[in-house]
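Novice: Numbering (our numbering), first residue to last: 433 to 714. One structure, as structure tokens, below. Some questions next.
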Amino acid sequence: MTTTIELGGKTVNRLGYGAMRIVGDGVWGPPKDHDAAIRVLRRSVELGVTFIDTADSYGPFYSEDLIREALHDGSGYGDVVIATKGGFTRTGPNRWTAVGRAAYLRQCILMSLRRLGVERIDLWQLHRIDPETPREEQFGEIKAFVDEGLADQIGLSEVGVEDVQAAQAAGLRIASVQNRYNLGDRRAEELLDFCTREGIAFIPWAPVDAGTLARPGGPLEDVAKQHGGASTSQLALAWLLRRSPIMVPIPGTSSVAHLEDNMGAEGIELTDAEFQLLSDAA
Numbered sequence: 433m434t435t436t437i438e439l440g441g442k443t444v445n446r447l448g449y450g451a452m453r454i455v456g457d458g459v460w461g462p463p464k465d466h467d468a469a470i471r472v473l474r475r476s477v478e479l480g481v482t483f484i485d486t487a488d489s490y491g492p493f494y495s496e497d498l499i500r501e502a503l504h505d506g507s508g509y510g511d512v513v514i515a516t517k518g519g520f521t522r523t524g525p526n527r528w529t530a531v532g533r534a535a536y537l538r539q540c541i542l543m544s545l546r547r548l549g550v551e552r553i554d555l556w557q558l559h560r561i562d563p564e565t566p567r568e569e570q571f572g573e574i575k576a577f578v579d580e581g582l583a584d585q586i587g588l589s590e591v592g593v594e595d596v597q598a599a600q601a602a603g604l605r606i607a608s609v610q611n612r613y614n615l616g617d618r619r620a621e622e623l624l625d626f627c628t629r630e631g632i633a634f635i636p637w638a639p640v641d642a643g644t645l646a647r648p649g650g651p652l653e654d655v656a657k658q659h660g661g662a663s664t665s666q667l668a669l670a671w672l673l674r675r676s677p678i679m680v681p682i683p684g685t686s687s688v689a690h691l692e693d694n695m696g697a698e699g700i701e702l703t704d705a706e707f708q709l710l711s712d713a714a
């Protein structure tokens with residue numbers, strides 16, 4: 433199984449880290465334990481993570497600030513690709529409003545550049561397509577980000593095949609999509625198959641949410657026993673990595689112990705029978 437993928441202008445390990453959980457409850461405000469958040473970020477890189485996903489709306493802003501504090505070496509992030517997103521405003525915990533006006537999207541990327549301490553974003557993603565703003569206006573402004581050298585690559589989040597095709601028709605080279613997808617929720621299956629054919633990285637969020645499949649005595653636990661007592665989270669991630677060579681899971685956590693457990697998924701190779709058993713169980 434291929435363990436790397438080209439993304440953000442670099443070769444990255446396919447098992448990444450999602451930096452949404454390092455901020456406060458409701459993805460709002462600073463973390464409860466600032467030093468613990470820094471430790472998680474630094475430990476992720478020590479464990480081989482070279483792709484970290486964040487957004488300006490996580491906090492808002494705190495996630496990007498923490499990433500810079502923990503990982504910026506004075507000139508950049510070395511071999512680590514930092515992907516961020518823009519296009520959401522926040523008015524409180526668990527409150528999200530899509531805003532896709534060109535001026536606002538430009539403000540998003542310019543401020544992310546400042547917070548992350550870089551001259552170009554490796555991978556900038558539209559967090560949501562704003563239904564109140566013409567899609568062409570959003571895509572046109574984002575294309576300008578690449579043309580002006582503000583972003584190396586562009587991605588979309590929570591979209592369908594037709595959205596990706598519309599963006600491509602508008603002149604955007606889409607490097608990635610980020611949709612909810614996991615062992616128990618495969619509503620994005622058509623999009624995943626499209627991305628696999630097109631060579632577009634697929635970044636599943638909530639990757640370890642396996643639902644009832646993770647219950648005691650369930651199929652994940654049964655397969656885990658065959659892998660020396662691996663955790664159900666590790667098996668869920670191993671299934672995703674096996675599902676498609678363009679899959680880039682980004683499990684997020686604020687705990688070093690949980691992070692270390694998740695990263696153990698890299699060492700698990702499912703047999704054909706195990707993969708099919710889990711695939712059929714959902």
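By construction, the Cβ of each residue, glycine as well, lies at the ideal position given by its N, Cα and C atoms. All values derive from a computational prediction rather than experimental measurement.
(1) Look up W528 in the DSSP assignment and say whether it is helix, strand or coil.
(2) Suppose the cutoff is 7 Å on Cβ atoms and the five residues either side in sequence are ignored; what does the same chain contact list for E496 look like?
(3) When you compare the stretch 649 to 658 with the stretch 687 to 699, are there three or more beta-carbon pairs, one atom per stretch, that lie closer than 8 Å?
(4) Helix, strand or coil, according to DSSP, for D465 in the structure here?
(5) On the criterion of 16 or more Cβ atoms from any shown chain inside 10 Å, does M433 qualify as buried, or is it exposed?
(6) Excluding the five sequence neighbours on either side, which residues of its own chain have a C-beta within less than 6 Å of the C-beta of E641, listed in chain order?
(7) For Q585, does the three-state DSSP call read helix, strand or coil?
(8) Is the stretch 580 to 593 close to the stretch 555 to 563, with three or more CB pairs under 8 Å?
(9) Let me know if D579 comes out buried or exposed under the rule of 16 or more other beta-carbons within 10 Å of its beta-carbon.
(10) Rounded to a whole number of angstroms, what is the C-alpha to C-alpha distance between P525 and V455?
(11) For the putative contact between I635 and I682, defined by C-beta atoms under 8 Å, what is the C-beta separation to the nearest angstrom?
(12) State the beta-bridge partners of G603 as determined by DSSP.
(13) Express the C-alpha separation of A601 and A468 in angstroms, rounding to a whole number.
(14) Can you check whether the CB of I484 is closer than 8 Å to the CB of S476?
(15) Report the residue ranges of all alpha helix (DSSP H) runs contained in full by the stretch 493 to 548; include only those spanning at least 4 residues, in chain order.
(16) The beta strand (DSSP E) that contains Q557, what's its start and end?
(17) Hey, which unbroken runs of the alpha helix (DSSP H) at 4 residues or more fall wholly within the stretch 590 to 659?
(18) Checking 8 Å against the spacing of the C-beta atoms, do L623 and A714 come in under that value?
(19) If you draw a straight line from the C-alpha of M679 to the C-alpha of G440, how long is it?
(20) Check this for me: beta carbons of V481 and G448, under 8 Å apart or not?
(21) Quick check: the Cα distance between G581 and Y536, rounded to an integer number of angstroms?
Specialist: So, from the data block:
(1) The residue given as residue 528 occupies position 96 in the sequence shown. The DSSP-derived three-state label of W528 is coil.
(2) As a first step, residue 496 is located in the sequence shown; it is residue number 64 there, counting from the start. The beta carbon of E496 is closer than 7 Å to those of T486, D488, T516, S544, R547, L548 in its chain, skipping five residues each way along the sequence.
(3) Result no; under three Cβ-Cβ pairs closer than 8 Å.
(4) Position 33 of the sequence shown holds residue 465. D465 falls in the coil class under three-state DSSP.
(5) If you number the sequence shown from 1, residue 433 lands on position 1. Classification for M433: exposed.
(6) As a first step, residue 641 must be located in the sequence shown, where it is residue number 209. First, the residue type needs correcting, since residue 641 is Asp and not Glu in the sequence shown. Contacts found: N614.
(7) Against the sequence shown, residue 585 aligns to sequence position 153. Of the three classes helix, strand and coil, the one that applies to Q585 here is strand, per DSSP.
(8) At 8 Å Cβ cutoff, the stretches touch.
(9) Residue mapping note: residue 579 aligns to position 147 of the sequence shown, counting from 1. D579 comes out exposed.
(10) Within the sequence shown, the letter at position 93 stands for residue 525. Within the sequence shown, the letter at position 23 stands for residue 455. Cα to Cα, P525 sits roughly 11 Å from V455.
(11) On the sequence shown, residue 635 is found 203 positions in, with the first residue counted as 1. On the sequence shown, residue 682 is found 250 positions in, with the first residue counted as 1. Your pair I635 and I682 checks out as a contact, with CB atoms roughly 6 Å apart and the cut at 8 Å.
(12) Translated into positions along the sequence shown, residue 603 becomes position 171. Answer is none; G603 lacks a bridge partner.
(13) Working through the sequence shown from its first residue, we reach residue 468 at position 36. Working through the sequence shown from its first residue, we reach residue 601 at position 169. Cα to Cα, the separation comes out at about 44 Å.
(14) Residue 476 sits at position 44 when you count from the first residue of the sequence shown. Residue 484 sits at position 52 when you count from the first residue of the sequence shown. In this structure, S476 lies near I484, with their beta-carbon atoms less than 8 Å apart.
(15) Entirely contained in the stretch 493 to 548, the alpha helix (DSSP H) runs reaching 4 residues are, in chain order, 494 to 503, 534 to 548.
(16) Locating residue 557 in the sequence shown gives position 125, where the first residue counts as 1. Per DSSP, Q557 belongs to the beta strand (DSSP E) from 553 to 558.
(17) Listed in chain order, they are 593 to 601, 621 to 630, 651 to 657.
(18) Sequence index remark: in the sequence shown, residue 623 carries index 191 (1-based). Sequence index remark: in the sequence shown, residue 714 carries index 282 (1-based). Between L623 and A714, the C-beta gap is not smaller than 8 Å, which leaves the two residues out of contact.
(19) By one-based count along the sequence shown, residue 679 stands at place 247. By one-based count along the sequence shown, residue 440 stands at place 8. Here the alpha carbon of M679 sits roughly 15 Å from the alpha carbon of G440.
(20) Locating residue 481 in the sequence shown gives position 49, counting from the first residue. Locating residue 448 in the sequence shown gives position 16, counting from the first residue. Contact: yes.
(21) Counting from 1 along the sequence shown, the entry for residue 581 is found at position 149. Counting from 1 along the sequence shown, the entry for residue 536 is found at position 104. The straight-line gap separating the alpha-carbon atoms of G581 and Y536 is approximately 18 Å.
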